[in-house]
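S.K.:
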Amino acid sequence: MHGEYKVPGGKLVAVDVDVEDGRLARARLSGDFFLEPDDALEDINAALNGMPETASAAQLARAVEEAVDHNVSLVGFTPESVGIAVRRALGHATSWRDHTFEVIHGEPVHPALNVALDQVIPEEVAAGRRGPTMRIWEWNAPLVVIGSFQSVRNEVDTEALERHGMTVVRRISGGGAMFMEPGNCITYSLVVPESLVEGLSFEQSYAFLDDWVLGALAEVGVRARYVPLNDIASEQGKIGGAAQKRFASGVVLHHVTMSYDIDADKMLDVLRIGREKLSDKGIRSANKRVDPMRSQTGMTRADIVDAFIAYFRGRYDTRLSDYRPEEIARAEELMETKFLTEEWTYRVP
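Terminal number for the sequence shown in UniProt numbering: 349, no gaps in between.
1) Any idea if residue 242 is buried or exposed, counting beta-carbon neighbours within 10 angstroms, 16 or more meaning buried?
2) Rounded to the nearest angstrom, how far is the Cβ of residue 348 from that of residue 150, given a contact under 8 Å?
3) In chain order, what residues of the same chain have a beta carbon less than 6 Å from the beta carbon of residue 318, not counting five sequence neighbours either side?
4) Nearest-angstrom Cα distance between residue 76 and residue 133?
5) Using a 10 Å radius around the Cβ and a threshold of 16 neighbouring Cβ atoms, would you call residue 298 buried or exposed?
6) According to DSSP, is residue 150 helix, strand or coil?
7) From residue 59 to residue 65, what distance separates their C-alpha atoms?
8) Please list the terminal residues of the continuous beta strand (DSSP E) segment that includes residue 193.
9) For residue 334 versus residue 169, is the C-beta distance shorter than 8 Å?
10) Using a Cβ-Cβ distance under 8 Å, would residue 152 count as near chain C?
11) Mapping DSSP to helix, strand and coil, what is residue 258?
12) Are the CB atoms of residue 307 and residue 216 within a distance shorter than 8 Å?
13) Do the CB positions of residue 97 and residue 3 come within less than 8 Å of each other?
14) My understanding is that residue 272 touches residue 194, with C-beta atoms under 8 Å, so please give their C-beta distance in whole angstroms.
15) Tell me which residues share the same chain as residue 185 and place their Cβ nearer than 7 Å to its Cβ, disregarding the 5 neighbours each side in the sequence.
16) Residues in the same chain with beta-carbon distance under 6 Å from residue 7, minus the five sequence neighbours each way, listed in chain order, please.
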């Protein structure tokens, strides 16, 4: 059995292994990583042999850590990456190439519908009615989307919200507020089976699932990097942030919002926390904008979105898709019964 794991920002780790009487046998680690001294490779292989085939990635990593001397240098990989590669070899974890991703870029819809779709699509993936999905949000009205655990009164100036004709909707994932007007940012949602991030910590899974978009940004001329826990930044500062929700059904929702061209004055008027977050960036005067993607690429938002989709499709096995009528109907139902209700929106006042 063969398993591979590409460490985000690091090297490829591959493991070939057999199973005999429920335990690992003849484990063989390989890859383009660096390891000194090189005879430590045999120590790692020996640590894997005899481990239960049911061992978790964390248990396998601990076995590797205990087997190597503190003077051993692992460069471009970690004990955790070895554990993940083993789990993939055994079929307990999957890689990107094990899946065909459905890619959706639909017409603009009510912004709260996108929030509802982030519950509907994971339900569909979990039920097997849809494959792993990457979708780009498009919306036709301004909206503030707050994280699942944020306080409305602490995050939003409701008078300013009303003055600008905006509404607030609470999403199902954690994280911070998103100030969204049509065309001012780029948001995508990635819905994948939990097996794709099996063995990864929450922090590692953010970096792993964001890795493709760093490549997509590079393609359009933005040199970006992942900043723990959930930010994407360039040399000019923060571009965007990610949020995640893991469902009991075994599905992970991971979504990212990146600034394209945001009216900073309006955002600072509406978001209370935003005033403090941007104060150290010198954005206090009128007519200032937060436009890292527009200014760094010189491209329209539509062209950047097209480039992102092309990059994703070039990197993974994909097929173009669209929302099904029953998915839209379910999302519209959730809008009315959950996401637009005061009970849900103000569950953390």
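Even glycine gets a Cβ: it sits at the ideal position worked out from N, Cα and C.
The structure presented is a predicted model; accordingly, all values stated were derived computationally and were not measured.
M.R.: Quick look at the numbers:
1) So residue 242 ends up on the buried side.
2) 6 Å
3) 101 and 103
4) Computed Cα separation, rounded: 29 Å.
5) exposed
6) coil
7) 10 Å
8) Run containing residue 193: 185 to 193, per the beta strand (DSSP E) assignment.
9) no
10) The structure shown has no chain C; it contains just one protein chain.
11) strand
12) If you check the CB distance, residue 216 and residue 307 come in under 8 Å.
13) no
14) Between residue 194 and residue 272 the Cβ distance is about 35 Å, and since that is not below 8 Å, they are no contact.
15) 257, 258, 259, 260 and 262
16) 77 and 81
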